[in-house]
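*Asks:*
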Amino acid sequence: MHDSAGEITHLRDELRRHEYLYYVLDSPEISDAEYDALMRRLQALEAEHPELITPDSPTQRVGGKPREGFVKVRHSSPMLSLDNALNEGELRDFDRRVSQLLGGAPYSYVVELKMDGLSMAAMFRDCRFVQAITRGDGVIGEDVTENARTIRSLPLRVQGAFRDFEVRGEAVMNRKAFERLNAERDERGLSRFANPRNAAAGSLRVLEPQITAARRLDYYTYFLLAGGRPALESHWEALEELARMGFKVNPYRKRCAGVEEVLAFCAEWEGRRESLPYEIDGIVVKVDSVNQQQQLGYRAKAPRWAIAFKYPARQAVTAVEGIEVQVGRTGALTPVACLHPVEVSGVTVSRATLHNEDEIERLGLEIGDDVVVERSGDVIPKVVRVSAQGSYRHKFHMPSHCPVCGGKVVREEGEAASRCINTNCPARLKESILHFASRSVMNIDGMGDALVDQLVDRGLVDSVAGIYDLTLEKLLTLERMGKKSAGNILRNIENSKHNPLPRVLNALGIRFVGERTAVFLAEAFGSVDKIAAAGVEELQRAEEVGPKVAVSIHQFFHEPHNRELVDRLRAAGLQFEYSSTRPEGGPLKGLTFVITGTLPTLSREDAKKLIETSGGKVASTVSRKTSFVVAGEDPGSKLDKAQELGIRVISQDELIEMLKKS
Ligand code: IVH
């Protein structure tokens with residue numbers, strides 16, 4: 001008999017290991033598609049055996065149901081905040097107090113980045129995650145267990161020296177996720193989040209766990225407690241133990257012998273903070289020894305053994321010299337403030353987005369005013385408020401015609417954005433191509449701003465589908481384009497044809513259809529044609545597709561212009577059918593491949609995708625279970641291993657031959 005329970009346990013262990021590699025260590029061993037395939041297999045087995053589902057199963061991250069509200073919970077011990085040191089002098093004062101209170105005994109500090117998020121406690125019983133509580137007022141917080149469960153860097157099950165314990169740390173949203181979220185909200189006419197911290201807080205405190213899941217939060221831990229008290233003798237050891245247990249711990253931490261080292265760390269990170277993928281607003285300095293922490297004790301709201309060295313706000317005042325309008329992929333016109341150049345924490349800022357007319361209204365901004373600009377989560381700086389009205393100021397008016405193509409501009413009822421409605425507007429076309437080619441969509445490496453500008457301006461590409469009509473001759477007419485890079489681009493374009501249906505759907509640029517919705521649509525309908533033929537009602541069968549999204553999809557496929565696009569993409573050979581539901585069948589069913597070396601034309605990712613969509617599996621190490629090793633140039637030790645075990649080695653061409661035999 002097939003041992004489902006055994007396979008379920010094995011799949012869970014594998015998924016946990018891959019989640020850890022991906023979300024905690026940032027070094028995945030397998031592709032997203034492989035991960036998804038493992039997850040689907042587990043979901044299928046659990047559906048057959050619901051009695052075997054446990055709350056710590058990787059499938060249960062987003063299983064939670066919407067809630068009525070949040071239950072208030074008391075913390076095991078108060079979650080305190082920190083006093084601030086705003087400059088070197090205040091940090092030295094803190095150090096002097098510590099030294100005095102410890103009566104001259106030696107001590108050391110641990111310094112960590114102060115991540116700008118929301119603090120949250122997570123409880124574990126018998127090595128399993130059971131509850132998460134927000135900081136709240138420090139004494140009582142809110143139970144956000146179901147939402148926290150969706151955070152992939154929070155392990156649901158751990159191994160280590162402790163079984164019943166609590167971790168505390170920071171839930172954060174990285175800059176990219178933050179920007180994407182705000183862009184999506186702009187699209188939908190929703191208000192933006194002011195910074196990643198608010199976005200993280202807003203995402204953790206929503207009633208539907210699905211929303212938290214889509215927001216991609218991260219969780220970095222910095223305390224390990226047992227029975228409401230520090231579990232280990234020193235803070236440094238606690239951080240090391242947390243990392244060993246599989247929690248995400250910020251790698252930029254240091255044990256410092258004295259205040260000079262602490263100051264050096266603060267200075268170093270003030271310069272480096274911009275290079276981080278997430279926001280920090282300072283450095284947290286903690287006395288390392290827990291004994292000494294107890295000796296130092298607490299004040300009303302904050303410990304005497306720790307302090308936050310805060311970086312100055314990254315703001316500056318400057319004049320708005322003009323307001324320009326940019327045209328995006330959907331035709332939305334975005335007003336951009338042209339600023340008198342000003343330095344904000346080491347970077348010269350001369351432009352800041354104003355998002356839309358309502359935002360300008362809200363700010364009460366006119367051209368000629370002085371404004372406060374800030375660099376926060378966004379890479380793009382923003383205008384915070386008007387600091388002084390200019391003596392010669394004048395109002396901005398959204399143009400009635402597109403600044404790029406001269407087409408008509410309309411602002412629809414209930415929408416924040418004004419749009420150029422000319423679907424052939426070159427600005428829209430450029431943005432559409434950039435979206436189409438971007439990494440998370442069709443992933444056409446090399447298809448960047450400079451190339452797209454030239455392709456459109458010279459009329460070499462008249463539609464997104466025109467990418468697939470490019471030839472070496474056409475590309476070689478462009479400036480600074482050599483044979484080699486042209487060849488690379490053509491190869492990347494060719495490879496993009498293997499992208500699975502969800503990516504193709506996302507690439508079409510249908511309003512409200514992003515990465516997630518595309519997957520749900522592909523799963524519910526299985527092909528572009530079925531989606532195109534579906535009515536508004538029927539479209540809502542797909543998960544997360546409501547009336548608004550359904551109408552948008554329906555409209556998209558009923559516009560002749562878009563139909564033509566779809567036909568051209570079909571003719572180019574893009575994937576119009578969902579093949580990732582096919583792994584049960586396919587010519588490679590039951591076979592496991594290991595890829596080694598550089599293949600002549602396929603990237604490793606593409607080779608993997610090809611194998612998987614034909615039902616095969618790709619492993620990272622050669623073992624007796626390996627069916628074939630696909631070897632390219634410079635194959636390395638995997639080839640030796642294959643020969644040692646007598647496993648058949650094939651070339652890329654042979655692999656492709658195998659794929660054709662269906
Ligand atoms: S320790 C009693 N460590 O900063 C110690 N906090 O201003 C309290 N934060 O509420 C917290 N990174 O939300 C600590 N490495 C870190 C932190 C950190 C960010 C936040 C946390 C806390 C606030 C205090």
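Quick note: the sequence shown, position 155, residue 155 per the numbering used here, numbers continuous. Every residue gets a Cβ at the ideal spot worked out from N, C-alpha and C, and that includes glycine. As the structure is a computational prediction, the values presented were derived from the model and not from experiment.
#1: Can you look up valine 139 in the DSSP assignment and give me helix, strand or coil?
#2: Quick one: what's tyrosine 109 bridged to in DSSP?
#3: Starting from lysine 660, trace the alpha helix (DSSP H) in both directions and tell me its first and last residue.
#4: If we count the other Cβ atoms within 10 Å of its Cβ and call it buried at 16 or more, is glutamate 654 buried or exposed?
#5: Measuring CA to CA, which of Leu225, Gln454, Val139, Ala465 is closest to alanine 300?
#6: Would you decide whether glutamine 575 is buried or exposed? Buried here means 16 or more other CB atoms lie within 10 Å of its CB.
#7: Grouping DSSP H, G and I as helix and E and B as strand, with all else coil, what is threonine 9?
#8: Could you tell me which of Arg253, Val630, Ser552 sits nearest to isoleucine 647, measuring between CA atoms?
#9: At a threshold of 8 Å, does valine 545 count as lining ligand 1 (C-beta to nearest heavy atom)?
#10: To the nearest angstrom, how far is it from the Cα of aspartate 32 to the Cα of arginine 92?
#11: Return the first residue and the last residue of the alpha helix (DSSP H) that methionine 447 is part of.
#12: CB-CB under 8 Å to valine 551, same chain, minus the five flanking residues each way: which ones, in chain order?
#13: According to DSSP, simplified to helix, strand and coil, what is isoleucine 133?
#14: Cβ of serine 463 within 9 Å of Cβ of arginine 568?
#15: Determine whether the beta carbon atoms of valine 566 and valine 622 lie at a separation below 9 Å.
#16: Quick one: complete alpha helix (DSSP H) runs, 4+ long, within the region 574-635?
#17: Less than 8 Å between the CB atoms is what I'm expecting for leucine 434 and valine 452, so what's the real figure, rounded?
#18: How far does the alpha helix (DSSP H) with leucine 239 in it extend, from its first residue to its last?
#19: Since I believe leucine 217 is in contact with leucine 242 (beta carbons under 8 Å), could you give me their beta-carbon distance rounded to a whole number of angstroms?
#20: Does the distance from the C-beta atom of glycine 328 to that of lysine 114 stay below 9 Å?
#21: Please list the terminal residues of the continuous beta strand (DSSP E) segment that includes leucine 664.
#22: Give the secondary structure of serine 203 by DSSP, where H, G and I count as helix, E and B as strand, and everything else as coil.
#23: Going by the beta-carbon positions, is the gap between leucine 441 and arginine 511 smaller than 9 Å?
#24: Asparagine 668 to valine 461, Cα distance in whole Å?
#25: Following a CB-centred definition, is tyrosine 222 positioned closer than 8 Å to any heavy atom of ligand 1?
#26: What residues are listed by DSSP as bridge partners for proline 78?
#27: Give me whichever residues DSSP pairs with glutamate 170 in a beta bridge.
#28: Looking only at C-alpha atoms, which of Thr477, Asn84, Pro403, Cys420 sits nearest to valine 284?
#29: Assess, as a yes-or-no matter, whether the region 307-324 is touched by the region 342-359 under the definition of 3 or more beta carbon pairs within less than 8 Å.
#30: Using a threshold of 8 Å, is the CB atom of serine 57 nearer than that to any non-hydrogen atom of ligand 1?
#31: Whose CA, out of Lys530, His554, Glu523, His558, lies closest to the CA of alanine 542?
#32: According to the Cβ coordinates, are tyrosine 219 and alanine 122 closer than 9 Å?
#33: Please name the residue in Val519, Leu102, Arg41, Gly117 whose C-alpha comes closest to that of threonine 221.
#34: Return the residue from the list Gln293, Cys266, Asn182 that minimises the CA-CA distance to glutamate 233.
#35: Find the nearest neighbour of serine 119 within the set Thr134, Val130, Lys382, Ala105, judged by alpha-carbon distance.
#36: Can you give me the start and stop residues for the alpha helix (DSSP H) that serine 418 sits inside?
*Replies:* This is what the structure holds:
#1: Here residue 139 is taken as the residue at index 139 of the sequence shown, counted from 1. In the structure shown, valine 139 sits in coil (DSSP, three-state: anything other than H, G, I, E or B).
#2: By 1-based counting over the sequence shown, the position of residue 109 is 109. According to DSSP, tyrosine 109 bridges with Cys256, Val287.
#3: Counted from its first residue, the sequence shown places residue 660 at position 660. Taken as a continuous stretch (DSSP letters only), the alpha helix (DSSP H) holding lysine 660 covers 652-660.
#4: Walking along the sequence shown from the start, residue 654 turns up at place 654. It counts as exposed.
#5: Here residue 300 refers to the residue found at position 300 when the sequence shown is read from its first residue. Looking from the CA of alanine 300, the closest CA among Leu225, Gln454, Val139, Ala465 belongs to Val139.
#6: Here residue 575 refers to the residue found at position 575 of the sequence shown. Buried, by the Cβ-count rule.
#7: Reading the sequence shown from its first residue, position 9 is the one you call residue 9. Threonine 9 falls in the helix class under three-state DSSP.
#8: The residue you call residue 647 lines up with position 647 of the sequence shown. Per the Cα distances, Val630.
#9: Translated into the one-based positions of the sequence shown, residue 545 becomes position 545. Result no, Cβ not under 8 Å from ligand 1.
#10: Locating residue 32 in the sequence shown gives position 32, counting from the first residue. Locating residue 92 in the sequence shown gives position 92, counting from the first residue. Straight-line measurement puts the Cα of arginine 92 at about 48 Å from the Cα of aspartate 32.
#11: The residue labelled residue 447 in the question sits at position 447 within the sequence shown. Neither: methionine 447 is in no alpha helix (DSSP H) and is coded neither H nor E.
#12: What you label residue 551 is simply residue 551 of the sequence shown in a count that begins at 1. Cβ neighbours of valine 551 beyond the five flanking positions: Val536.
#13: For the purposes of this step, residue 133 is taken as the residue at position 133 of the sequence shown. DSSP, reduced to helix, strand and coil, places isoleucine 133 within a strand of the structure shown.
#14: What you label residue 463 is simply residue 463 of the sequence shown in a count that begins at 1. What you label residue 568 is simply residue 568 of the sequence shown in a count that begins at 1. In contact: serine 463 and arginine 568 (Cβ atoms closer than 9 Å).
#15: Position 566 of the sequence shown holds residue 566. Position 622 of the sequence shown holds residue 622. No, they are not a contact pair.
#16: Every alpha helix (DSSP H) stretch that sits fully inside the region 574-635 and reaches 4 residues is listed by chain position as 604-613.
#17: Stepping through the sequence shown from its first residue, residue 434 is reached at position 434. Stepping through the sequence shown from its first residue, residue 452 is reached at position 452. Between leucine 434 and valine 452, the beta carbon gap of about 6 Å places them in contact (Cβ cut-off 8 Å).
#18: Here the question's residue 239 lines up with position 239 in the sequence shown. Per DSSP, the continuous alpha helix (DSSP H) segment holding leucine 239 begins and ends at 235-245.
#19: As a position in the sequence shown, residue 242 is number 242, starting the count at 1. As a position in the sequence shown, residue 217 is number 217, starting the count at 1. Between leucine 217 and leucine 242 the Cβ distance is about 18 Å, and since that is not below 8 Å, they are no contact.
#20: Residue mapping note: residue 328 aligns to position 328 of the sequence shown, counting from 1. Residue mapping note: residue 114 aligns to position 114 of the sequence shown, counting from 1. Against a cut-off of 9 Å, the Cβ pair of lysine 114 and glycine 328 comes out as no contact.
#21: This structure does not reach residue 664, given that the chain is present from 1 up to 662, and the question cannot be answered.
#22: The residue you call residue 203 lines up with position 203 of the sequence shown. Note: serine 203 maps to helix in three-state DSSP.
#23: Sequence index remark: in the sequence shown, residue 441 carries index 441 (1-based). Sequence index remark: in the sequence shown, residue 511 carries index 511 (1-based). According to the sequence shown, residue 441 is valine rather than leucine. Valine 441 is not a Cβ neighbour of arginine 511, given a cutoff of 9 Å.
#24: As shown, the chain starts at 1 and ends at 662. That puts residue 668 outside it, with no answer to give.
#25: For the purposes of this step, residue 222 is taken as the residue at position 222 of the sequence shown. Result yes, Cβ under 8 Å from ligand 1.
#26: The count along the sequence shown starts at 1 and reaches residue 78 at position 78. The partner list for proline 78 (beta bridge, DSSP) is empty, contrary to what the question assumes.
#27: Mapped onto the sequence shown, residue 170 falls at position 170. Ser119, Tyr220, per the DSSP bridge assignment.
#28: By one-based count along the sequence shown, residue 284 stands at place 284. Nearest C-alpha to valine 284: Asn84.
#29: Contact between the region 342-359 and the region 307-324 is present, because at least three Cβ pairs lie under 8 Å.
#30: The residue you call residue 57 lines up with position 57 of the sequence shown. Because no heavy atom of ligand 1 lies under 8 Å away, the Cβ of serine 57 does not count as near it: no.
#31: Within the sequence shown, the letter at position 542 stands for residue 542. Looking only at Lys530, His554, Glu523, His558, the smallest Cα-Cα distance to alanine 542 is reached by Glu523.
#32: If you number the sequence shown from 1, residue 219 lands on position 219. If you number the sequence shown from 1, residue 122 lands on position 122. In contact: tyrosine 219 and alanine 122 (Cβ atoms closer than 9 Å).
#33: Numbered from its first residue, the sequence shown carries residue 221 at position 221. Among Val519, Leu102, Arg41, Gly117, the Cα nearest to that of threonine 221 is on Gly117.
#34: Counting from 1 along the sequence shown, the entry for residue 233 is found at position 233. Closest by alpha carbon: Gln293.
#35: The residue labelled residue 119 in the question sits at position 119 within the sequence shown. Taking only the C-alpha atoms, the option nearest serine 119 is Thr134.
#36: Here residue 418 refers to the residue found at position 418 when the sequence shown is read from its first residue. Unbroken run through serine 418 is the beta strand (DSSP E), 418-420; no alpha helix (DSSP H).
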